[in-house]
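Right, one structure below, let's go through it.
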Amino acid sequence: MKMNATVPTPTAVAPTQQNLTGIDVGKFVFACLIPFLHISFGGSPVKEIFSQYFARLGVPFFFVVAGMLLAKSVRMRSSKEALSRFEKKNGRLLLTWIILYSPIMVVYEGLNLGLAQKVVFQTPGYLWYLTAMLVAAIPFCLVRGRRVLYVVAGVLYVAGTLFGDTYQWLTGGMPAWYEAIFLTTRNGLLFALPMLCVGERIATGETPRHLPVKLVASVVLLVGEIFLVRSKASPDADCSMYLLLPVVIYYVVAGLRTWNPQIDTRFIRGASTAIYLLQYGIIAVGKKAFEILSFPMHIGGWIIYVAVIAGGCIVYALFRRNKWLSKLFG
Numbered sequence: 475m476k477m478n479a480t481v482p483t484p485t486a487v488a489p490t491q492q493n494l495t496g497i498d499v500g501k502f503v504f505a506c507l508i509p510f511l512h513i514s515f516g517g518s519p520v521k522e523i524f525s526q527y528f529a530r531l532g533v534p535f536f537f538v539v540a541g542m543l544l545a546k547s548v549r550m551r552s553s554k555e556a557l558s559r560f561e562k563k564n565g566r567l568l569l570t571w572i573i574l575y576s577p578i579m580v581v582y583e584g585l586n587l588g589l590a591q592k593v594v595f596q597t598p599g600y601l602w603y604l605t606a607m608l609v610a611a612i613p614f615c616l617v618r619g620r621r622v623l624y625v626v627a628g629v630l631y632v633a634g635t636l637f638g639d640t641y642q643w644l645t646g647g648m649p650a651w652y653e654a655i656f657l658t659t660r661n662g663l664l665f666a667l668p669m670l671c672v673g674e675r676i677a678t679g680e681t682p683r684h685l686p687v688k689l690v691a692s693v694v695l696l697v698g699e700i701f702l703v704r705s706k707a708s709p710d711a712d713c714s715m716y717l718l719l720p721v722v723i724y725y726v727v728a729g730l731r732t733w734n735p736q737i738d739t740r741f742i743r744g745a746s747t748a749i750y751l752l753q754y755g756i757i758a759v760g761k762k763a764f765e766i767l768s769f770p771m772h773i774g775g776w777i778i779y780v781a782v783i784a785g786g787c788i789v790y791a792l793f794r795r796n797k798w799l800s801k802l803f804g
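Written out as structure tokens, the structure is:
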């Protein structure tokens, strides 16, 4: 299937894995930041600031990079072939890790219909990212009118942000029927799809002019938005989506795309995926162990964090050259 004529004609060099070393470095940095969102450090205010202002950029960064690479795949193949390859790879990862983590999920979530609903709409084990990607890739690859797709994706993102946890204090949140069925706005259509579209814009466009200035300005505005939201939202609100987040991530990824140091990033690329996939198991086991030992979490949290990063790197280093075990990470 050919792309619709409304798609911007690529004017920049099409990204290849060889000239995306900056993106690979970004992947590893954000993979190391995201566990701060999931680990308890005993209520440390420094950790709270670090996680909300830095680690929150991680998931949208990975969505945007996925959109950039998927857009390239669509241009190289057909929309249906690109979608098939994408769904098979991510579906296999999701199914594999749900099976591996199912004992832990049953212990923490309980074996009931509610668990099945969570697996579908709010996948436990931090695997919701993969579920969201599987859903978002379908309209992203198959909708021919890209301008229509961009407009719809933008409306969905604004709605998900304003009526999700981030701005619930202002709008009152989603209707009760929506929350009863879908549980969250942090999903494939309201979050992942808009970010995939941002990635496509990067893949098919030129590097923005005055990028450093625009990046700094957008970051300052996002920090202001986060500060406002955190001062208004309830302490337990899951503030993952912000109105200025797509703008900041656009400039971050666009900048990293142009920064390509001459280094071999194959290991950190795979280690980033391993850190993401292994963190749930390491965090769950570590947290339970420290609870049993009554170990203070302001220390235990850092031990778990180091175990997540080191564990991901070590396991990937041991598995990467094995034909079958390497499939656990890609």
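Last residue of the sequence shown? That's 804 in my numbering, and every number before it is there in order.
Beta carbons: idealized from backbone N, C-alpha and C, even for Gly.
Asked: Hey, quick one: how far does the alpha helix (DSSP H) through Asn564 stretch, first residue to last?; Found: Ser553 to Glu583
Asked: So Leu685 and Ala627 are in contact, right, with Cβ under 8 Å, and what is the actual spacing, rounded?; Found: That belief does not hold up - the Cβ atoms of Leu685 and Ala627 are roughly 23 Å apart, past 8 Å.
Asked: Let me know the secondary structure DSSP gives Cys713 once reduced to three states.; Found: coil
Asked: Which stretch, first to last residue, makes up the alpha helix (DSSP H) that contains Met550?; Found: Gly532 to Met550
Asked: What would DSSP say about Asp738, mapped onto helix, strand or coil?; Found: coil
Asked: Please report the Cβ distance between Ile508 and Ala540, rounded to the nearest whole angstrom; I am assuming they are in contact, meaning their Cβ atoms lie under 8 Å.; Found: Actually they are not in contact, since the Cβ atoms of Ile508 and Ala540 sit about 15 Å apart, beyond 8 Å.
Asked: My parser needs the beta strand (DSSP E) runs of 3 or more residues fully inside the segment 749-798; what are they?; Found: none
Asked: Quick check: the segment 593-607 against the segment 661-672, are at least 3 beta-carbon pairs closer than 8 Å?; Found: yes
Asked: From the DSSP output, in three-state form, read off Ala666 for me.; Found: helix
Asked: Please report the residue range of the alpha helix (DSSP H) in which Gly698 lies.; Found: Leu685 to Lys706
Asked: Could you give the C-beta distance for Gly516 and Pro770, rounded to a whole number, given that I count them as a contact under 8 Å?; Found: 6 Å
Asked: Closest to Ile612 by CA distance: which of Arg566, Ser553, Arg549 and Leu717 is it?; Found: Ser553
Asked: Do Thr732 and Gly804 have their CB atoms nearer than 8 Å?; Found: no
Asked: Can you give me the Cβ contacts of Phe524 inside the same chain, cut-off strictly under 7 Å, excluding the 5 residues immediately before and after it?; Found: Phe510
Asked: Determine the contact status of Trp643 and Lys592, defining contact as a CB-CB distance below 8 Å.; Found: no
Asked: Does the separation of the CB atoms of Leu667 and Phe595 fall below 8 Å?; Found: no
Asked: Assuming Phe614 is part of the alpha helix (DSSP H), what are its boundary residues?; Found: Trp602 to Leu616
Asked: Considering only their Cβ atoms, is the gap separating Gln753 from Val782 smaller than 8 Å?; Found: yes
Asked: Ordered along the chain, which non-local residues of its own chain (more than five positions away) have a Cβ less than 7 Å from that of Ile756?; Found: Ile778, Ala781, Val782 and Gly785
Asked: Measuring only the C-alpha atoms, how far is Asn734 from Cys787?; Found: 22 Å
Asked: Terminal residues of the continuous alpha helix (DSSP H) containing Thr635?; Found: Arg620 to Phe637
Asked: Would a C-beta distance cut-off of 8 Å place Phe432 and Gly532 closer than the cut-off?; Found: There is simply no residue 432 to check, as the chain begins at 475 and stops at 804 in what is shown.
Asked: With respect to the alpha helix (DSSP H) encompassing Thr732, which residues constitute its N-terminal and C-terminal limits?; Found: Leu719 to Thr732
Asked: What did DSSP end up calling Phe528 once you bin it into helix, strand or coil?; Found: coil
Asked: Thinking just about the alpha-carbon of each residue, which of Val629, Met648 and Ile773 is nearest to the one in Phe637?; Found: Met648
Asked: With a threshold of 16 other CB atoms inside 10 Å of the CB of Glu765, please say whether the residue is buried or exposed.; Found: exposed
Asked: Relative to the C-alpha of Lys761, which residue among Leu751, Gly775 and Ile749 is closest?; Found: Gly775
Asked: Is it the case that the Cβ atoms of Ile450 and Val759 are separated by a distance below 8 Å?; Found: Residue coverage of the chain in this structure runs from 475 to 804, which leaves residue 450 outside it and unanswerable.
Asked: Need the endpoints of the alpha helix (DSSP H) that Phe656 sits in, please.; Found: Ala650 to Phe656
Asked: Please go through the same chain and pick out, in chain order, the residues whose beta-carbon is closer than 6 Å to the beta-carbon of Tyr624, but skip the five residues on each side of it.; Found: Cys671
Asked: Compare the Cα-Cα distances from Met542 to each of Gln736, Val726, Ile773 and Tyr790 and report the closest residue.; Found: Val726
Asked: What first and last residue would you give for the alpha helix (DSSP H) that runs through Leu644?; Found: Gln642 to Thr645
Asked: Where Thr681 and Ile572 are concerned, what is the direct C-alpha to C-alpha distance, given to the nearest angstrom?; Found: 39 Å
Asked: What separation, rounded to the nearest whole angstrom, lies between the Cα atoms of Met669 and Glu522?; Found: 25 Å
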